[in-house]
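Since the structure comes first, as structure tokens, the remarks are kept for the end.
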Amino acid sequence: MANLTKTNRRDFLKIAATASGGLFIGFYWSGCDSPKMKVLTNEEILLNAHNFNSYLSISPTGDVVIYSPNPELGQNILTSFPMVVAEELDADWQKVRVIQANLDVEKYDRQLTGGSGAMPHSWERLRKAGATARHLLIAAAATKMNVDASTLSTSNGEVIHKESGKKMGYGELVTDASKLTAPEEVALKDPKDFKIIGTPVKNVENKAMFTGQPLYGLDFYREGMLHAMIQRPPFGMKIKSVDDAAARAISGVTEVVTFKNNVAVVGKSTWPLMKAKKLLKIEYEPDGVVESTFDHDRLFAELLNGKTAEVKRKDGDVDAAFKNAAQVITSEYQCPFLSHSPMEPQNFFAHVQGDKVELVGPTQTPDRARNDTAQLLGIPPENITVQITRLGGGFGRRLRADFVTEAAELSKMMNAPIKLTWSREDDMTGGAYRPAVRYRFQAALDESGNMIGYKLRGVGINAGNSTRENNFPSGAVENVLIESVDHKSAITTNAWRAPITNFLAYAEQSFLDEVALAAKKDPVQFRLDLLAKAKASPVGELQYDVDRMIGVIKMAAEKSNWGKDANVMQGFSVYFSHRSYVAQVANIEMENNQPVLKKIVAATDCGIVVNPTGANHQVRGGIVDGMGHAMYGNLTFENGLPKQKNFDTYRLIRMKEVPEIDVHYVQNGIDPTGLGEPALPPTGGAVANAIFKATGRRLRSQPFIEQKEFSDIKLQIKRA
Amino acid sequence: MANYNLRINGNDYNVEVEDDTPLLWVLRDHIGLVGTKYSCGIAQCGACTVHVNGEAAFSCTLPVSSIGSDEITTIEGLSSEGDHPVQKAWDEVDTAQCGYCQAGQIMTAAAFLRKNPKPTMEEIENAMNRNLCRCGTYHKIREAVALAAKLK
Ligand code: FES
Ligand code: FES
């Protein structure tokens, strides 16, 4: 036992009622649910259960209920959070039930999914939640067994007195234990004693997902509810006139309403609305600037050469460095808008009744859903409940609450419970995209190929700061200038998995490959040399940990046999984002004179790996995501409207387009630093650098397949 | 509006819907079988995959009027206890991230393995390539289909 830590007041508020209603996900797939044995429902367990804190109830039957507050969108938090609580409780995992908690700002802190931050934020408080209950169970057992607490240990849901061989199950102790006062401080396990953390515990919703149980927002139905769909305007346009006669004539449509530049069709089921929406005749007129992709290309050139930019970082004397350089390398990189396109389109259920509102659905930010709705309706947030369903993906799109407030507004107008469904086309054309960005990189090299100056200007469309000025290679170069220019547009943008770095990393890591080549250095050694400098004499502020970055670089080089096989054309990339470090090597081999992408090797440092299956999912998934969008992703605009509206024209990566992926982790025992995003940023660079090595073609824009440099390259992708 | 008698998962259902209503929305909105998912609606992603007389089909573009006496199987009816070899393999491999695509993946895999019980990896990939997974669980899906073939 180590780390005596203080408990958090919020986590230990006495909870009046556990079963606060709502969707209980009561699926339980374990060895003991044989037909003979009656498996209790969550409701039955909770009826007599005792609450220990915001996360944990234990019933006299020994069943443990763990509440997981953060929205689950595939990052596996609904399994990994409870694993951490159960670990410190020393629970029998077979007796653990997991319940997705509803929004509760009293009980939970940071109840959101974003920024790869849930595990780093909650790690300690989850551990304390389990450890505190364990402490109380031991205290209760000590009294009952009439022995000293220090002679007791726990394992698998039991308190054990080794000397006498006596054992008591948590269920037998829970009534007494719950009457005791929780300690101010509690000891946490030494990580080397972990039994659940670090093991491949299966997703707690496997059975429900694989048998088609209602889990997602779109699966929520309420007796008497109406369905609604909305036609939204192109960006920068407003409604001039609406002719809804044909839409109204569709049987099953009960109402067509225009509100805030939207036209909503309402009815008793989804299909008539899909038909009716297509029959709406809406005329739009400009409401400000209406943009097309063509305008953006011109704009990027203007802003890159413009006089004004926001200086994000300035070290040394950049002008002098470039003047004295033996060699200057300049390159520009550009990325398009992207749609988040989670497989489950946006949707939400809202029921406004007077000044009370019930919200149910898939959101990454239940608190924002509540607050935005409160603001819209002019009621206190406390009057609103939010039930969080499982999310069919998010990728940042569900950080917004536009679809929530739409549902609430319609419910109020229709005076009925409303389920708002976005079609795939609505989801793709309805906004909040990964912003389009263009970068200009410049490097100054001295006679011996040392980088003495580094300049970056990022120009983006609603991108905010398109740079990460304190990230590598800042800190490793004496003279640095980093600038950002943001163009305000009517096209809405939003965080998209690994915001900004999802593209910046590719651009920067490709550029560094160009610089290494010009400096006649091996790309891995070139980065290690820079990091050695950042360690020995760091310049200005560094946001990254030099040693952790070196660690993943060395591991990726070793695991990929970097530079050892002349027949394998390798591309290297490394990036720090969201507190974690990932280095990747892409391997291309030539077959019949054509490049074949065979493998991506990833070395990750995310601290302690809570669940290896979940971690592998995030690393592989991030790489597939990064590669898919680098290769194929493109959303273009014409007169304020995306040209791609569904998966027939907006191309997502498919099974036969992914290479083998080897996953490795640095084992350094530090607390988890998050993994939902960090594996994505390095991938585009690793692949582009390998393509360059194999073909001599430098890909400076995404998507790769649409670049002229790529047009005669027949890149095949194969798995072993 | 017309009346349809449908045979789904071995049960008879009677629904009153427009002729052009896709089976997907009949299942979800009218019968309450929501395991079959909507994602693209245009036969591009496979989230809505069901079996029609044992063959995998996209229910989002299958009008109810075309079904007649065909036997429909949805994810809810693939097995009575959730223990079809493909479902067991999916659990064993722990295939899902968000899980939204997985019912469709399972239905595609189950229909494929019935026709081709001993597939090569290449055949698996050719069969599964029609189903999108935005979370990128493709490696796990490959593994799970291969395992399901062994579990039978
Ligand atoms: S929803 Fe039917 S194929 Fe996509
Ligand atoms: S698991 Fe999320 S879309 Fe496949």
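So the sequences go chain by chain: A and B.
Last residue of the first sequence: 868 in my numbering, with the numbers rising by one and none dropped.
Last residue of the second sequence: 165 in my numbering, with the numbers rising by one and none dropped.
Every residue, glycine too, gets a C-beta built ideally from N, C-alpha and C.
Because the structure is a prediction, the values reported are computed rather than measured.
Nonlocal neighbours in the same chain, by C-beta distance under 6 Å from residue i, ignoring five residues either side
i              : result
A288 (chain A) : L321, D324, A325
E306 (chain A) : K315, G317
R572 (chain A) : P493, N794
T511 (chain A) : A517, R546
Proximal residues of chain A, C-beta to C-beta of residue i below 8 Å
i             : result
I55 (chain B) : R572, N794, F795, D796
P76 (chain B) : Simply none; closest approach about 10 Å.
E29 (chain B) : None at all; the shortest Cβ gap to chain A is about 11 Å.
I80 (chain B) : The premise fails here: I80 (chain B) is roughly 15 Å from chain A at the closest Cβ pair, so nothing lies under 8 Å.
Under 7 Å from the C-beta of residue i: neighbouring residues of chain B
i              : result
A800 (chain A) : Checking the sequence, you will find Leu at residue 800 (chain A) rather than Ala. Those within 7 Å of L800 (chain A) in chain B are L145, R147.
D367 (chain A) : V47
N351 (chain A) : D107, A109
M99 (chain A)  : Absent from the model: residue 99 (chain A). The displayed extent of chain A is 149 to 868, so no value can be given.
Contact set between residue i and chain A, taken where Cβ atoms lie within less than 7 Å
i              : result
C114 (chain B) : M491
P35 (chain B)  : W419
Per-residue burial, residue i [other beta carbons within 10 Å of its own, 16 or more giving buried]
i              : result
M779 (chain A) : buried
K408 (chain A) : exposed
E220 (chain A) : buried
F442 (chain A) : exposed
R370 (chain A) : exposed
V437 (chain A) : exposed
L366 (chain A) : buried
R147 (chain B) : buried
K350 (chain A) : buried
M357 (chain A) : buried
E431 (chain A) : exposed
M803 (chain A) : buried
G179 (chain A) : Any reading at G179 (chain A) must be qualified, since the residue scores a pLDDT of 37, below 50, and its modelled position is unreliable; no value is offered.
R518 (chain A) : buried
Residues near residue i in its chain [Cβ-Cβ closer than 8 Å; skip 5 each side]
i              : result
T155 (chain A) : Residue placement at T155 (chain A) cannot be trusted, given a pLDDT of 48 that sits under 50; what the coordinates show is reported in the next sentence. Once the five neighbours on either side are set aside, the close Cβ partners of T155 (chain A) are K276, T280, A330, P331, E332, E333, V334.
M561 (chain A) : V405, F407
A474 (chain A) : L593, D594, E595
D25 (chain B)  : N18, L19
Nearest-angstrom Cβ-Cβ length linking residue i and residue j, presumed shorter than 8 Å
i              : j              : result
M354 (chain A) : A109 (chain B) : A small correction: the amino acid at residue 354 (chain A) is Asn; Met does not occupy that position in the sequence shown. Contact flag correct, Cβ pair sits at about 7 Å.
A98 (chain A)  : G597 (chain A) : Residue 98 (chain A) is absent from the structure shown; chain A starts at 149 and stops at 868.
G719 (chain A) : F840 (chain A) : 7 Å
M775 (chain A) : T831 (chain A) : 5 Å
T761 (chain A) : S728 (chain A) : With 8 Å as the limit, T761 (chain A) and S728 (chain A) do not qualify as a contact, their Cβ atoms being about 18 Å apart.
Own chain partners of residue i with C-beta closer than 7 Å, once the 5 adjacent residues on each side are dropped
i              : result
T86 (chain B)  : N22, V63, H64
A580 (chain A) : R545, R548, T640, T641, N642
G54 (chain B)  : C73
E102 (chain A) : In the structure as shown, chain A starts at 149 and stops at 868, and residue 102 (chain A) therefore has no counterpart that could be examined.
S93 (chain B)  : none
L171 (chain A) : In this prediction, L171 (chain A) has a pLDDT of 28, which is less than 50 and means its spatial position is unreliable; nothing more can be read from the coordinates.
A424 (chain A) : A395, I398, V401, V413
K460 (chain A) : N613, T615, E617, I630, E631, S632
Q855 (chain A) : L847, S849
K386 (chain A) : N409, Y432, E433, D435
Proximal chain A residues relative to residue i, where beta-carbon distance stays under 9 Å
i              : result
A161 (chain B) : Those do not exist, as A161 (chain B) stays about 12 Å from chain A at its closest Cβ, beyond 9 Å.
N24 (chain B)  : The contacting residues do not exist; N24 (chain B) stays about 15 Å from chain A at best.
Under 9 Å by beta carbon: chain B residues contacting residue i
i              : result
Q361 (chain A) : V47, G48, E89
N642 (chain A) : The premise fails here: N642 (chain A) is roughly 16 Å from chain B at the closest Cβ pair, so nothing lies under 9 Å.
L863 (chain A) : Correct list: empty, because the minimum Cβ distance to chain B is about 17 Å.
Residue i - DSSP class collapsed to helix/strand/coil
i              : result
C114 (chain B) : coil
A734 (chain A) : strand
L204 (chain A) : strand
M293 (chain A) : helix
S685 (chain A) : coil
Y176 (chain A) : Low confidence applies here, because Y176 (chain A) scores a pLDDT of 35, under 50, leaving its location unreliable and the question unanswered by this model.
M703 (chain A) : helix
G365 (chain A) : helix
D443 (chain A) : helix
E403 (chain A) : strand
H152 (chain B) : helix
Y654 (chain A) : helix
Partner residues on chain B for residue i, Cβ-Cβ distance less than 8 Å
i              : result
I387 (chain A) : Those do not exist, as I387 (chain A) stays about 25 Å from chain B at its closest Cβ, beyond 8 Å.
T402 (chain A) : The contacting residues do not exist; T402 (chain A) stays about 14 Å from chain B at best.
K804 (chain A) : E138, N139, N142
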